[in-house]
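Counting from 1, position 4 in the sequence shown corresponds to residue 3 in numbering that gives the first Met the number 0; the numbering is continuous, with no gaps.
What follows is a short report on a single structure.
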Amino acid sequence: MDQPQKANPSETSSSSDKKTAKKRITPCLLSAAFFGALGSSFLYGYNLSVVNAPALYIKAFYNQTWMERYNEPIRAETVTLLWSITVSIFAIGGLFGALVVSWPIKILGRKGTLLLNNIFAVIAALLLTFGEKARSFEMLIIGRFIVGVDSGIALSVLPMYLGEISPRYIRGSIGQFNSILICFGVFIGQVLGLPELLGQESRWNYLFSFLALPAVLQLCVLPFLPESPRYLLIERRDEAAAERAFQRFLGKKDVSLEMEEVHAEARAQETLHTVSMVQLLKSRSVRWQLITVVVTMASYQLCGLNAIWYYTNGILQEAGFAQNIIPYITLSTGGIETFSAIISGLVIERIGRKPLLIFGFSAMAVFFSLLTVFLNFQDSVSWMPYLSYVCILAVIASFCSGPGGIPFILTGELFEQSYRPAAFMIAGIVNWLSNFAVGLLFPFIQEALETFAFLVFVGFCVVAAIYLFIILPETKKKTFMDISQSFAKINKVPVSSTSHEMKLVLCTGQDQNEKVQNGFKMESSF
């Protein structure tokens, strides 16, 4: 009887190390995800909510400044115009940031662009903080534009960076740091805006000083963390640096399998340079990936979450809550956002992107429909406002369970390296234009349809859910090349031979690990 082949102890140890490393998130990867999001998506979320608390004080400041300059009180319509510009110019800045993001990404890389972006956050914090002391409302408007630029760049670069540094088996969970920190930023903006903290006439400008703190923290930590290994290997051709980056992010010395995966992707694109936005729009090989990204990113804004805030205070007033305690009750919305985003990050690798997206949009459609019914009976039944507020919380939780973060993850997953910067540029443009459209059009929709206005968003949610059910393949735990090949049939392009090579590489690596483990078990039995 032949003796079973004994496994080399060093190989067994290596296999065990790989298995252990595969199951855990390393401190380096966790730090990159947290501090990358802290100085980026957190600031975006914070700026969504921070202007709500000091709105009356800012308008009073505009009036005082106008009086000092022109010796006459400002007209009501002029105050409204200045305030509308102050709020909406944030989205215009975001659109500008999305348009210019491809240039620094190409030259400075993902990490370098995130670091450079902190300059905008610090400049915006200074302008917004000292605008009152300088008696210049122009400084506030310019500051809001600059922090919008910061957010436009951040929402394009951060998801790209997180997707490229993460192992495919936890890529969704790491990618959800973007959504979690957005929601946490909204919540912190609500907390700091309370009257007992910074939501006072004498302190409101310090709400904007806080912008500098996350940016400075990121500047202190991120330089000591690696650049995206995919960027280093495919675009910089620096194999040694890419290997070191993989080793630090994955917490193991043997990263040959990960390096070969990126090499295979690089060989598939060796004739391609980083494509422009126009080239991406013309490319037939990624047409349905692009359509999918446009649909999901537009639905991210058009699903109606931003409009829900319009009704929150009114519903609480109808429920009989005193005006002075409503700000504390609305903290529950930020808390629900953050909690739902965390839960989504924990389950995304088990459930998958597609089910979470479809569930989120479908649940939003259901709760928007119920909210419409409850709003119509709100004046006739005393307890109906409580049900309306429960629906608002349910809509927020449904949004954060999937639609609130996964569109950014998908934008990075559906495209290979050469297409990714242009894809994020298009996704950013769609995101900010849709944001601007909702802010511009919803007041008119609400005026025309009143409590039936949310039925418009029901339509968008239903269309998004149906499209994703029919078109979107599941992307969890797949390589970027495998995901791209999932669209080959619908794009009517041949399946790349490199995709088969990639599968062979991954299967070979898994088979080798299994053989080592089986050999070790047989040795133990003897």
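We put the beta carbon where it would ideally sit given N, CA and C, even for glycine.
Treat the numbers as computed from the prediction; the structure is a model and nothing was measured.
Is residue i buried or exposed, if buried means 16 or more other CB atoms sit within 10 Å of its CB?
i	result
Leu154	buried
Ser483	buried
Tyr168	exposed
Glu264	buried
Gln322	exposed
Val526	Only positions 0 to 525 of the chain appear in the structure, and residue 526 is not among them; the question remains open.
Lys132	exposed
Val185	buried
Trp382	exposed
Ile88	buried
Ala75	exposed
Trp203	buried
Glu336	buried
Ser343	buried
Ile324	exposed
Gly38	buried
Arg109	buried
Arg143	buried
Gly458	exposed
Glu363	This sequence places Met at residue 363; Glu is not what is there. Label assigned to Met363: buried.
Ala464	buried
Asn7	Note on Asn7: pLDDT 48, under 50, position unreliable in the model; no value is reported.
Phe376	exposed
Pro222	exposed
Leu94	buried
Phe443	exposed
Leu280	exposed
Please report the straight-line C-alpha distance between residue i and residue j, rounded to a whole angstrom.
i	j	result
Phe407	Phe136	34 Å
Tyr45	Pro166	29 Å
Asn51	Leu448	25 Å
Cys219	Leu107	18 Å
Phe33	Tyr69	48 Å
Thr491	Ser485	At residue 491 the sequence reads Lys, which differs from the Thr that was named. Approximately 11 Å between the Cα atoms of the pair.
Leu139	Tyr56	13 Å
Phe176	Ser379	43 Å
Ala421	Ile24	29 Å
Leu315	Ala59	26 Å
Ala306	Leu224	39 Å
Cys182	Leu47	10 Å
Met258	Ser201	56 Å
Leu231	Leu454	47 Å
Thr371	Ile391	11 Å
Val461	Gly438	21 Å
Leu289	Ser282	10 Å
Cys304	Phe366	First, the amino acid is wrong: residue 304 is Leu here, not Cys. Their Cα atoms are separated by approximately 12 Å.
Pro384	Trp308	15 Å
Phe608	Gln445	It is not possible to answer for residue 608, since the shown part of the chain is limited to 0 through 525.
Ala340	Gln217	22 Å
Ile187	Arg247	32 Å
Gly198	Thr85	18 Å
Asn434	Leu301	8 Å
Thr273	Leu345	33 Å
Lys353	Gly162	17 Å
Arg229	Leu249	14 Å
Arg236	Glu473	31 Å
So, using beta-carbon positions, are residue i and residue j closer together than 8 Å?
i	j	result
Ser178	Leu42	no
Gly92	Val49	no
Phe360	Ser275	no
Lys475	Gly334	no
Leu330	Gln189	yes
Gly192	Leu206	yes
Glu242	Val261	no
Ile527	Ser227	Since the first residue of the chain shown is 0 and the last is 525, residue 527 is not available in this structure.
Gly401	Met159	no
Ala214	Val121	yes
Ile395	Thr332	yes
Val285	Phe414	yes
Ser172	Ile347	yes
Leu356	Leu467	yes
Leu29	Tyr61	no
Leu113	Gly35	yes
Thr291	Ser208	no
So, is the C-beta of residue i closer than 8 Å to a C-beta in chain B?
i	result
Gly303	This model lacks chain B altogether, as it is built from one protein chain only.
So does the segment 422-429 actually touch the segment 90-105, counting three or more Cβ pairs closer than 8 Å? yes
Should the segment 284-300 be called in touch with the segment 403-421, which here means at least 3 C-beta pairs below 8 Å? yes
Contiguous alpha helix (DSSP H) assignments of at least 4 residues, all confined to the segment 309-370: 325-328 and 330-350
Going along the chain, which unbroken runs of the beta strand (DSSP E) with 3 or more residues stay wholly within the segment 182-226? none
Could you tell me which uninterrupted alpha helix (DSSP H) segments, each at least 4 residues in length, are contained entirely in the segment 95-173, listed from first to last along the chain? 101-129 and 136-164
Can you give, in chain order, each stretch of the alpha helix (DSSP H) that sits fully within the segment 229-280 and has at least 4 residues? 238-249 and 255-267
Those runs of the beta strand (DSSP E) which lie wholly inside the segment 378-453 and span at least 3 residues: none
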